[in-house]
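Asks:
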Amino acid sequence: MSQLRIIGLLLLCVGLGYLVWLDNTAGGDTAASVTTDATATAGARSGNGEITGLDDDTPANEGELAHVRDEESDPPAPEDAEDQADAEPENLNPLKRIEIDILSDTIERPIFASSRQRPPQEAKPASTSENSLATFELVGVARTGARATAVLRKQPQGDLFRVEAGDTFGKWRVKAIEPRSIVLSDGNGNEETIKLLRP
(Lines of atoms letter the chains of each structure in order from A and count residues from 1; the text may use other names and numbers.)
(Lines give C-alpha, C1' and ligand atoms only; values in the text may rest on other atoms or scores of the structure.)
Protein backbone atom coordinates (compact mmCIF):
# COMPACT_ATOMS: atom_id res chain seq x y z
CA MET A 1 0.00 0.00 0.00
CA SER A 2 2.82 2.38 0.85
CA GLN A 3 4.52 1.60 -2.48
CA LEU A 4 1.41 2.62 -4.41
CA ARG A 5 1.34 5.99 -2.63
CA ILE A 6 4.97 6.64 -3.51
CA ILE A 7 4.39 5.76 -7.18
CA GLY A 8 1.31 8.00 -7.28
CA LEU A 9 3.21 10.96 -5.80
CA LEU A 10 6.01 10.49 -8.34
CA LEU A 11 3.57 10.44 -11.23
CA LEU A 12 1.85 13.56 -9.85
CA CYS A 13 5.19 15.41 -9.61
CA VAL A 14 6.11 14.43 -13.16
CA GLY A 15 2.75 15.63 -14.43
CA LEU A 16 3.03 18.96 -12.64
CA GLY A 17 6.56 19.47 -13.97
CA TYR A 18 5.38 18.75 -17.50
CA LEU A 19 2.58 21.31 -17.17
CA VAL A 20 5.02 23.96 -15.87
CA TRP A 21 7.38 23.29 -18.80
CA LEU A 22 4.55 23.67 -21.31
CA ASP A 23 3.43 26.92 -19.71
CA ASN A 24 6.92 28.43 -19.87
CA THR A 25 7.35 27.36 -23.49
CA ALA A 26 4.03 28.93 -24.58
CA GLY A 27 4.85 32.21 -22.71
CA GLY A 28 8.21 32.56 -24.45
CA ASP A 29 6.62 32.19 -27.90
CA THR A 30 4.01 34.83 -27.07
CA ALA A 31 6.67 37.35 -25.86
CA ALA A 32 8.71 36.82 -29.03
CA SER A 33 5.62 37.45 -31.17
CA VAL A 34 4.81 40.68 -29.27
CA THR A 35 8.43 41.86 -29.68
CA THR A 36 8.34 41.19 -33.42
CA ASP A 37 5.07 43.14 -33.85
CA ALA A 38 6.39 46.09 -31.84
CA THR A 39 9.57 46.18 -33.92
CA ALA A 40 7.60 46.31 -37.15
CA THR A 41 5.32 49.07 -35.83
CA ALA A 42 8.19 51.25 -34.59
CA GLY A 43 9.94 51.37 -37.97
CA ALA A 44 11.56 54.70 -38.74
CA ARG A 45 10.15 56.93 -41.48
CA SER A 46 12.45 57.86 -44.32
CA GLY A 47 12.63 61.31 -46.00
CA ASN A 48 9.87 60.45 -48.54
CA GLY A 49 7.49 59.22 -45.80
CA GLU A 50 8.04 55.43 -46.32
CA ILE A 51 8.45 53.17 -43.29
CA THR A 52 11.79 51.39 -43.02
CA GLY A 53 12.30 48.44 -40.76
CA LEU A 54 14.58 48.44 -37.77
CA ASP A 55 17.53 46.11 -37.26
CA ASP A 56 16.93 42.89 -35.40
CA ASP A 57 19.11 44.01 -32.50
CA THR A 58 17.35 47.41 -32.15
CA PRO A 59 15.43 47.52 -28.88
CA ALA A 60 11.77 48.40 -29.24
CA ASN A 61 9.71 49.07 -26.14
CA GLU A 62 6.70 51.11 -25.19
CA GLY A 63 8.82 54.09 -24.00
CA GLU A 64 10.55 54.46 -27.36
CA LEU A 65 7.26 54.16 -29.24
CA ALA A 66 5.77 56.97 -27.14
CA HIS A 67 8.84 59.11 -27.84
CA VAL A 68 8.44 58.58 -31.60
CA ARG A 69 4.75 59.53 -31.43
CA ASP A 70 5.56 62.70 -29.48
CA GLU A 71 8.15 63.80 -32.04
CA GLU A 72 5.71 63.28 -34.91
CA SER A 73 2.81 65.11 -33.23
CA ASP A 74 4.70 68.13 -31.87
CA PRO A 75 5.58 70.72 -34.59
CA PRO A 76 9.06 72.26 -34.35
CA ALA A 77 9.20 75.56 -32.48
CA PRO A 78 9.97 78.59 -34.67
CA GLU A 79 13.50 79.90 -34.33
CA ASP A 80 12.38 83.50 -34.07
CA ALA A 81 9.85 82.88 -31.30
CA GLU A 82 11.70 85.26 -28.95
CA ASP A 83 11.91 87.96 -31.61
CA GLN A 84 8.20 87.61 -32.29
CA ALA A 85 7.43 87.90 -28.57
CA ASP A 86 9.53 91.08 -28.36
CA ALA A 87 7.78 92.58 -31.37
CA GLU A 88 4.26 91.96 -30.08
CA PRO A 89 4.10 94.95 -27.62
CA GLU A 90 4.98 97.36 -30.45
CA ASN A 91 2.17 96.02 -32.63
CA LEU A 92 -0.39 96.48 -29.85
CA ASN A 93 -0.42 100.27 -30.43
CA PRO A 94 -1.51 100.94 -34.03
CA LEU A 95 -1.01 104.72 -33.62
CA LYS A 96 2.70 104.39 -32.91
CA ARG A 97 3.62 104.34 -36.60
CA ILE A 98 1.66 107.52 -37.42
CA GLU A 99 3.86 110.55 -37.92
CA ILE A 100 2.90 113.59 -35.86
CA ASP A 101 3.47 115.90 -38.85
CA ILE A 102 0.54 114.46 -40.79
CA LEU A 103 -1.81 115.42 -37.96
CA SER A 104 -1.30 119.14 -38.55
CA ASP A 105 -4.66 119.35 -40.36
CA THR A 106 -6.36 117.95 -37.30
CA ILE A 107 -4.87 120.78 -35.26
CA GLU A 108 -5.69 123.48 -37.79
CA ARG A 109 -9.20 122.10 -38.46
CA PRO A 110 -10.41 120.60 -35.15
CA ILE A 111 -12.97 117.86 -35.62
CA PHE A 112 -15.00 118.89 -32.57
CA ALA A 113 -15.67 122.41 -33.90
CA SER A 114 -18.84 122.75 -36.01
CA SER A 115 -17.13 125.18 -38.40
CA ARG A 116 -13.94 123.09 -38.55
CA GLN A 117 -12.07 126.34 -37.92
CA ARG A 118 -9.93 127.25 -34.97
CA PRO A 119 -11.59 129.78 -32.67
CA PRO A 120 -10.24 133.30 -33.12
CA GLN A 121 -7.65 134.30 -30.62
CA GLU A 122 -8.86 136.82 -28.13
CA ALA A 123 -7.11 140.12 -28.36
CA LYS A 124 -4.96 140.59 -25.33
CA PRO A 125 -5.48 143.89 -23.59
CA ALA A 126 -2.61 146.25 -24.03
CA SER A 127 -0.43 145.88 -21.03
CA THR A 128 -0.27 149.03 -18.98
CA SER A 129 3.33 149.94 -18.70
CA GLU A 130 4.76 150.52 -15.30
CA ASN A 131 5.66 154.03 -16.42
CA SER A 132 2.40 154.83 -18.24
CA LEU A 133 1.35 158.44 -17.81
CA ALA A 134 -2.02 157.33 -16.46
CA THR A 135 -0.25 156.23 -13.28
CA PHE A 136 1.38 159.61 -12.60
CA GLU A 137 -0.10 162.74 -11.10
CA LEU A 138 1.48 166.17 -10.96
CA VAL A 139 1.39 167.27 -7.34
CA GLY A 140 3.22 170.58 -7.57
CA VAL A 141 5.86 172.72 -9.28
CA ALA A 142 8.60 174.57 -7.42
CA ARG A 143 10.80 177.31 -8.90
CA THR A 144 14.04 178.65 -7.55
CA GLY A 145 15.34 181.31 -9.89
CA ALA A 146 15.80 179.70 -13.29
CA ARG A 147 15.57 176.18 -11.85
CA ALA A 148 12.18 174.44 -11.86
CA THR A 149 11.33 171.14 -10.14
CA ALA A 150 8.13 169.11 -10.55
CA VAL A 151 6.81 166.69 -7.94
CA LEU A 152 5.03 163.62 -9.30
CA ARG A 153 3.03 160.95 -7.47
CA LYS A 154 2.96 157.37 -8.77
CA GLN A 155 -0.32 155.54 -8.34
CA PRO A 156 -1.47 153.38 -6.76
CA GLN A 157 1.56 153.14 -4.50
CA GLY A 158 1.48 156.86 -3.80
CA ASP A 159 5.27 157.26 -4.05
CA LEU A 160 6.51 160.79 -4.61
CA PHE A 161 9.56 161.71 -6.68
CA ARG A 162 11.01 164.89 -8.19
CA VAL A 163 12.03 165.56 -11.78
CA GLU A 164 13.68 168.45 -13.58
CA ALA A 165 13.90 169.42 -17.24
CA GLY A 166 15.97 166.81 -19.09
CA ASP A 167 15.25 163.96 -16.62
CA THR A 168 13.79 160.67 -17.95
CA PHE A 169 11.58 158.01 -16.36
CA GLY A 170 10.57 155.00 -18.36
CA LYS A 171 10.28 156.01 -22.00
CA TRP A 172 9.40 159.60 -21.15
CA ARG A 173 11.71 162.59 -20.99
CA VAL A 174 10.83 165.85 -19.23
CA LYS A 175 10.89 168.41 -22.01
CA ALA A 176 9.67 171.45 -20.13
CA ILE A 177 8.25 172.39 -16.73
CA GLU A 178 5.50 175.04 -16.77
CA PRO A 179 4.02 176.77 -13.71
CA ARG A 180 0.97 174.49 -13.72
CA SER A 181 2.04 171.56 -15.93
CA ILE A 182 4.95 169.57 -17.35
CA VAL A 183 5.54 168.55 -20.96
CA LEU A 184 6.89 165.05 -21.70
CA SER A 185 8.31 163.57 -24.89
CA ASP A 186 8.87 159.90 -25.80
CA GLY A 187 11.63 160.56 -28.34
CA ASN A 188 9.40 159.67 -31.33
CA GLY A 189 7.87 163.12 -31.67
CA ASN A 190 4.98 162.33 -29.34
CA GLU A 191 4.35 164.80 -26.52
CA GLU A 192 2.09 164.55 -23.50
CA THR A 193 1.18 167.10 -20.88
CA ILE A 194 0.42 166.40 -17.23
CA LYS A 195 -1.45 169.17 -15.45
CA LEU A 196 -1.83 169.94 -11.80
CA LEU A 197 -4.75 168.23 -10.15
CA ARG A 198 -5.79 171.30 -8.17
CA PRO A 199 -5.64 174.96 -9.19
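Residue numbers (full-length UniProt numbering): 1 to 199. Using N, Cα and C, we set each Cβ at its ideal position, and we do this for glycine too.
(1) By how many angstroms is the C-alpha of asparagine 188 removed from the C-alpha of glycine 145?
(2) Quick check on alanine 142: buried or exposed, where buried means 16 or more other Cβ atoms within 10 Å of its Cβ?
(3) Tell me which residue opens and which closes the beta strand (DSSP E) that glutamate 178 is part of.
(4) Contact defined as beta carbons within less than 8 angstroms: I believe leucine 184 pairs with glutamate 191. What is the distance between those atoms, to the nearest angstrom?
(5) Leaving out the 5 sequence neighbours to the left and right, which residues in its chain are closer than 8 angstroms to alanine 165 when beta-carbon positions are compared?
(6) Provide the residue(s) that pair with isoleucine 194 in DSSP beta bridges, ordered along the chain.
(7) In the DSSP output, what is glutamate 164 paired with across the bridge?
(8) Roughly how many angstroms lie between the CA atoms of glutamine 3 and glycine 17, to the nearest whole one?
(9) Rounded to the nearest angstrom, what separates leucine 197 and lysine 171 at their Cα positions?
(10) From glutamine 157 to phenylalanine 136, what does the alpha carbon distance come to, in whole angstroms?
(11) Using a 10 Å radius around the Cβ and a threshold of 16 neighbouring Cβ atoms, would you call alanine 134 buried or exposed?
(12) Looking at arginine 153 and valine 163, is the spacing between their C-beta atoms short of 7 angstroms?
(13) Can you tell me whether alanine 150 is buried or exposed, with buried defined as 16 or more other CB within 10 angstroms of its CB?
(14) Report the three-state DSSP secondary structure of glycine 17 (helix, strand or coil).
(15) Below 7 angstroms between beta carbons: does that hold for serine 181 and threonine 193?
(16) Taking the beta strand (DSSP E) that glycine 140 falls in, what are its first and last residues?
(17) For aspartate 23, which residues in the same chain have their Cβ closer than 8 angstroms to its Cβ, ignoring the five residues on either side in sequence?
Replies: In terms of the structure at hand:
(1) Reading the sequence shown from its first residue, position 145 is the one you call residue 145. Reading the sequence shown from its first residue, position 188 is the one you call residue 188. Taking the straight line from one Cα to the other gives about 31 angstroms.
(2) Within the sequence shown, the letter at position 142 stands for residue 142. Around the C-beta of alanine 142, fewer than 16 other C-beta atoms lie within 10 Å, and the residue is accordingly described as exposed.
(3) Numbered from its first residue, the sequence shown carries residue 178 at position 178. That run of the beta strand (DSSP E) goes 172-178.
(4) Within the sequence shown, residue 184 is the residue found at index 184, counting from 1. Within the sequence shown, residue 191 is the residue found at index 191, counting from 1. Between glutamate 191 and leucine 184 the Cβ distance is about 7 angstroms, and since that is below 8 angstroms, they are a contact.
(5) To locate residue 165, count along the sequence shown from 1; it is residue 165. Closer than 8 angstroms at the Cβ level, and outside the excluded window around alanine 165, lie Ala148, Val174, Lys175, Ala176 and Ile177.
(6) Here residue 194 refers to the residue found at position 194 when the sequence shown is read from its first residue. Answer is Ile182, bridged to isoleucine 194.
(7) Looking up residue 164 in the sequence shown gives position 164. Thr149, per the DSSP bridge assignment.
(8) Position 3 of the sequence shown holds residue 3. Position 17 of the sequence shown holds residue 17. The alpha-carbon of glutamine 3 is positioned some 21 angstroms away from that of glycine 17.
(9) The residue labelled residue 197 in the question sits at position 197 within the sequence shown. The residue labelled residue 171 in the question sits at position 171 within the sequence shown. Answer to the nearest angstrom: the Cα atoms are 23 angstroms apart.
(10) As a first step, residue 157 must be located in the sequence shown, where it is residue number 157. As a first step, residue 136 must be located in the sequence shown, where it is residue number 136. If you take the alpha carbons of glutamine 157 and phenylalanine 136, they lie about 10 angstroms apart.
(11) Numbered from 1 along the sequence shown, position 134 holds the residue referred to as residue 134. So alanine 134 ends up on the exposed side.
(12) One-based indexing of the sequence shown puts residue 163 at position 163. One-based indexing of the sequence shown puts residue 153 at position 153. It is not a contact, given that the beta carbons lie outside the stated cut-off.
(13) As a first step, residue 150 is located in the sequence shown; it is residue number 150 there, counting from the start. The residue is buried, with at least 16 neighbouring Cβ atoms inside 10 Å.
(14) Residue 17 sits at position 17 when you count from the first residue of the sequence shown. Looking at glycine 17 - three-state DSSP - the assignment turns out to be helix.
(15) Counting from one through the sequence shown, the residue named residue 181 turns up at place 181. Counting from one through the sequence shown, the residue named residue 193 turns up at place 193. Note that the C-beta distance between serine 181 and threonine 193 is below 7 angstroms.
(16) Here residue 140 corresponds to residue number 140 of the sequence shown, with the count starting at 1. Where glycine 140 is concerned, the enclosing beta strand (DSSP E) stretches over 136-144.
(17) In the sequence shown, residue 23 corresponds to position 23, counting from 1. Closer than 8 angstroms at the Cβ level, and outside the excluded window around aspartate 23, lies no residue.
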